[in-house]
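> Those letters in the sequence shown? Residues 433 to 972, per the working numbering, in order.
From the three backbone atoms N, C-alpha and C, an ideal C-beta is built for every residue, glycine too.
Please read these numbers as outputs of a predicted model, since none were measured by experiment.
I have a structure here, written as structure tokens, and I will follow up with some questions on it.
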Amino acid sequence: METIITKETVARAVEAAIGRCACQLRPDMLRALEEARAGAGSPREGRVLDTLRENAAIAAGDRVPLCQDTGTVWVCLEVGQQLTVPGNVFSLVDSAVARAYEGGRLRMSVLRDALFNRTNTADNTPAFCELKLVPGASAKVHVLLKGGGSDNASRVVMLPPGAGQEGVRRVVLDCVREKAANACPPLVVGVGVGATFDKVAGLAKHALLREAGSEAPRPEAAAFEKNLLEEVNALGIGPAALGGSPTAVAVHLETAPCHIAALPVAVNIGCSAMRSASVMLVEDGRALTDAEVAAQLEAAFAAGAAPTETACCTLAPAASAAPSGDEADASIAGRADVASGTGAISASPAGKAAEEDTAAHRMQLPLSKEDLASLSAGDEVLLSGPVYTMRDAGHSRALAHLEETGRLPFDLEGQTLFYAGPTPAAAGRPLGSVGPTTASRMDFATPALMEAGIVASIGKGKRAPEVTDACKATGGVYFCTIGGAAALLAKHVTKSELIGWEDLGTEALRRLELEDFPAFVATDPHGRDLYREVETKGQP
């Protein structure tokens, strides 16, 4: 009797996998973060890694997204050649995605058309599906939630054949050096080599599905991966791109045949919150039941459901006072001991001696130029007070309003912008998850907005020299915060209010009230740039 892969089976598996992927860190990634923490070479590295591990615990415990960018949904159905697949096998996937995203309070991030109609589809569809035939009589579905920050950091290069392994190596290192800061390291670097222009990117994406750090089956591939990982980490970019190591926890390679005149190379970057699941639907000709599929997911994520206890990241009212129960639950990216209006952030993971505290500035928003003048690149801050969320579309509208009226919209003079697109309210909080988006996408408008009165911004990743110049000219600041820690950061938002541009969905203008929101000074009013300093220090 033939075994048929039904559209209903695929849809149910996809829906179940999305809920797991969005809120639970892959156990292999959790182990990789724990191993990286054990070898952290500086207090800052340790604090970033502790934050990511605590974020995983919060997301799993509260059932909120690990990252606010819950991504596009990529579905790959691997089907044994002995099985029967109807032509409409993906026809119910979009409905499953819509239910999973609505029911899971996930962010809707898909637009109707990339060029001609950039309105949100409002249900995160369509999913991007592919069918792959493999030998045998089994079937497996892979589901990957891919965020924009890491996908935007990826690339395809058509090298000449003579470039060889050295050329591939250079493509990977250049990509990581230039783009890692935008992709929330520690990374998984997927590398595809071979096939054709349109297929090589798929090789790199498939490489991300492998267990982080698992050895490639071919010895020559395993050796190439090992050497590349060592070189990537020698760049010194580090967790959250704030320096140190690791920049990546794994480099995974997939190769294929190609034309004699070509050497196609693709790099697909995976972030520290890699979200994927692989589920068997048919095993040796026997279709698995829904209960068996659910049991697979339960087992696959069991190791990540209750992560190993991480640093106690609590806010204490004074250096000499023990925190109350409520205060001990106030999560930040470190522990703040307050004295005379400033604090100290430290990380003390279980089994490790407490590290030397680093002075942190507790700052009240809105910020004055006098407040900002005392800051230097690399300083750690705890921000409390109002910020306004604004992303790509909002910056275009704000810039158009400024050019038309000579003023910022919504009386934003003197305010701080947070480059964020949050998920809906969840777990009793105003927002389920909220974290930084890639700041460089806003560089086209930032100098003009700062000149008009914006005093600071919060995001992640490097900025253009023009933004550094604008900070120096206006006395403003660019803060960065840790990408991939959106469940934790949402605990520092006490209120969310829609202000305008509701039609933009997650990109609407919102006024958030922050409380001890952890961040770093990335660009100070004196022209120093933390990311550039890390990059320069790490150059061979």
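(1) Tell me the rounded alpha-carbon separation between residue 915 and residue 617.
(2) Let me check one thing: in DSSP terms, what residues is residue 591 bridge-paired to?
(3) For residue 437, is the classification buried or exposed, using 16 other Cβ atoms within 10 angstroms of its Cβ as the cut-off for buried?
(4) Give the straight-line distance between the Cα atoms of residue 862 and residue 515, rounded to the nearest whole angstrom.
(5) Which ranges would you report for the beta strand (DSSP E) in the stretch 700-740 if only whole runs of at least 3 residues count?
(6) From this set, 552, 573, 511, 499, which residue's C-alpha is nearest residue 525's C-alpha?
(7) Below 8 Å between beta carbons: does that hold for residue 941 and residue 928?
(8) Count the CB pairs spanning the stretch 712-722 and the stretch 563-579 that are closer than 8 Å, and state whether there are at least three.
(9) Count the other CB atoms within 10 Å of the CB of residue 847; is the residue buried (16 or more) or exposed (fewer)?
(10) Who are residue 548's beta bridge partners in DSSP?
(11) Considering only C-alpha positions, which residue in the set 611, 721, 591, 884 is nearest to residue 679?
(12) Which residues bound the beta strand (DSSP E) around residue 420?
(13) Run the CB neighbour count on residue 894, radius 10 Å, all protein chains shown included, and call it buried at 16 or more, exposed below.
(14) How far does the beta strand (DSSP E) with residue 434 in it reach, from first residue to last?
(15) Between the beta-carbon of residue 559 and the beta-carbon of residue 505, is there less than 8 Å?
(16) Counting beta carbon pairs with one atom in the stretch 528-538 and one in the stretch 472-481, are three or more of them shorter than 8 Å?
(17) Is it right to say residue 687 is buried, meaning 16 or more other beta carbons lie within 10 angstroms of its own, or is it exposed?
(18) Within the continuous beta strand (DSSP E) that includes residue 929, where are the two ends?
(19) Ignoring anything shorter than 4 residues, give me the alpha helix (DSSP H) runs that lie fully in the stretch 495-526, in order along the chain.
(20) As a quick exercise: from 585, 614, 903, 613, pick the residue whose alpha carbon is nearest that of residue 603.
(21) Can you give the Cα-Cα distance for residue 852 and residue 867, rounded to whole angstroms?
(22) Excluding sequence positions up to five away, which residues of its chain have a Cβ less than 6 Å from the Cβ of residue 491?
(23) Quick one: is residue 620 near chain D, going by C-beta distance under 8 Å?
(24) Which value, in whole angstroms, describes the spacing of the CA atoms of residue 549 and residue 807?
(25) For residue 632 and residue 696, which I take to be in contact (beta-carbon distance under 8 Å), what is that distance rounded to the nearest angstrom?
(26) Per DSSP, what are the beta-bridge partners of residue 910 in this structure?
(27) Per DSSP, which residues does residue 820 bridge with? Please list them.
(28) On the criterion of 16 or more Cβ atoms from any shown chain inside 10 Å, does residue 658 qualify as buried, or is it exposed?
(29) What are the residues that DSSP puts in a beta bridge with residue 861?
(30) Within a Cβ cutoff of 6 Å, which residues of the same chain sit near residue 958, ignoring the five residues on either side of it in sequence?
(31) Along the beta strand (DSSP E) that carries residue 612, what are the first and last residues, could you check?
(32) State the Cα-Cα distance for the pair residue 694 and residue 598, rounded to the nearest angstrom.
(33) Please name the residue, chosen from 858, 912, 907, 954, that lies closest to residue 922 on a Cα-to-Cα basis.
(34) Buried or exposed: residue 883, going by 16 or more other Cβ atoms within 10 Å of its Cβ?
(35) Tell me the rounded alpha-carbon separation between residue 826 and residue 502.
(36) Leaving out the 5 sequence neighbours to the left and right, which residues in its chain are closer than 7 Å to residue 557 when beta-carbon positions are compared?
According to the structure data:
(1) Taking the sequence shown and counting its residues from 1, one reaches residue 915 at position 483. Taking the sequence shown and counting its residues from 1, one reaches residue 617 at position 185. When rounded, the distance between both Cα atoms is 8 Å.
(2) Numbered from 1 along the sequence shown, position 159 holds the residue referred to as residue 591. In the DSSP output, where bridge partners are listed per residue, residue 591 has 695.
(3) On the sequence shown, position 5 is the one that residue 437 refers to. Buried, by the Cβ-count rule.
(4) Taking the sequence shown and counting its residues from 1, the one referred to as residue 862 is at position 430. Taking the sequence shown and counting its residues from 1, the one referred to as residue 515 is at position 83. Rounded to whole angstroms, residue 862 to residue 515 spans 48 Å at the Cα level.
(5) Whole beta strand (DSSP E) segments, 3+ residues: 707-715.
(6) As a first step, residue 525 is located in the sequence shown; it is residue number 93 there, counting from the start. Checked all of 552, 573, 511, 499; the closest Cα to residue 525 is 573.
(7) Looking up residue 941 in the sequence shown gives position 509. Looking up residue 928 in the sequence shown gives position 496. No, these two residues do not count as a Cβ contact at 8 Å.
(8) yes
(9) Within the sequence shown, residue 847 is the residue found at index 415, counting from 1. Answer is buried; the Cβ neighbour count reaches 16.
(10) For this step, residue 548 is matched to residue 116 along the sequence shown. Residue 548 pairs with nothing; no bridge assigned.
(11) As a working mapping, residue 679 is identified with position 247 in the sequence shown. Residue 611 is the option with its Cα nearest to residue 679.
(12) Only positions 433 to 972 of the chain appear in the structure, and residue 420 is not among them; the question remains open.
(13) What you label residue 894 is simply residue 462 of the sequence shown in a count that begins at 1. Its Cβ being crowded by 16 or more others within 10 Å, residue 894 is buried.
(14) Along the sequence shown, read from residue 1 onward, the residue named residue 434 stands at position 2. Premise fails: residue 434 is in no beta strand (DSSP E) and is neither H nor E.
(15) Within the sequence shown, residue 559 is the residue found at index 127, counting from 1. Within the sequence shown, residue 505 is the residue found at index 73, counting from 1. For residue 559 and residue 505, yes; Cβs fall inside 8 Å.
(16) no
(17) Translated into positions along the sequence shown, residue 687 becomes position 255. The residue in question, residue 687, is buried, as its Cβ has 16 or more Cβ neighbours within 10 Å.
(18) Here residue 929 refers to the residue found at position 497 when the sequence shown is read from its first residue. Note, residue 929: beta strand (DSSP E), 925-932.
(19) none
(20) As a first step, residue 603 is located in the sequence shown; it is residue number 171 there, counting from the start. For residue 603, the nearest C-alpha among the options comes from 585.
(21) If you number the sequence shown from 1, residue 852 lands on position 420. If you number the sequence shown from 1, residue 867 lands on position 435. Whole-angstrom Cα-Cα distance: 6 Å.
(22) Reading the sequence shown from its first residue, position 59 is the one you call residue 491. These residues qualify, in order along the chain: 455, 498, 919.
(23) The structure shown contains no chain D; it holds only a single protein chain.
(24) The residue labelled residue 549 in the question sits at position 117 within the sequence shown. The residue labelled residue 807 in the question sits at position 375 within the sequence shown. C-alpha separation (whole angstroms): 42 Å.
(25) For the purposes of this step, residue 632 is identified with residue 200 of the sequence shown, where counting begins at 1. For the purposes of this step, residue 696 is identified with residue 264 of the sequence shown, where counting begins at 1. Indeed they touch by this definition, with Cβ atoms about 4 Å apart.
(26) Sequence index remark: in the sequence shown, residue 910 carries index 478 (1-based). Paired residues: 889, 955.
(27) Locating residue 820 in the sequence shown gives position 388, counting from the first residue. Answer is 849, 943, bridged to residue 820.
(28) Residue numbering aside, residue 658 sits at position 226 when the sequence shown is read from its first letter. That one is exposed.
(29) Sequence index remark: in the sequence shown, residue 861 carries index 429 (1-based). In DSSP, residue 861 forms a bridge with 858.
(30) Position 526 of the sequence shown, counted from the first residue, corresponds to residue 958. Answer for residue 958: no residue qualifies.
(31) Within the sequence shown, numbered from 1, the residue matching residue 612 stands at position 180. From DSSP, residue 612 is part of no beta strand (DSSP E); its letter is neither H nor E.
(32) The residue labelled residue 694 in the question sits at position 262 within the sequence shown. The residue labelled residue 598 in the question sits at position 166 within the sequence shown. Computed Cα separation, rounded: 15 Å.
(33) Looking up residue 922 in the sequence shown gives position 490. Per the Cα distances, 858.
(34) Translated into the one-based positions of the sequence shown, residue 883 becomes position 451. It counts as exposed.
(35) Taking the first residue of the sequence shown as position 1, residue 826 is located at position 394. Taking the first residue of the sequence shown as position 1, residue 502 is located at position 70. Each residue's alpha carbon lies about 20 Å from the other.
(36) Taking the first residue of the sequence shown as position 1, residue 557 is located at position 125. Around residue 557, the same chain offers 526, 529, 530, 542 as residues with beta carbons nearer than 7 Å, after the five sequence neighbours per side are excluded.
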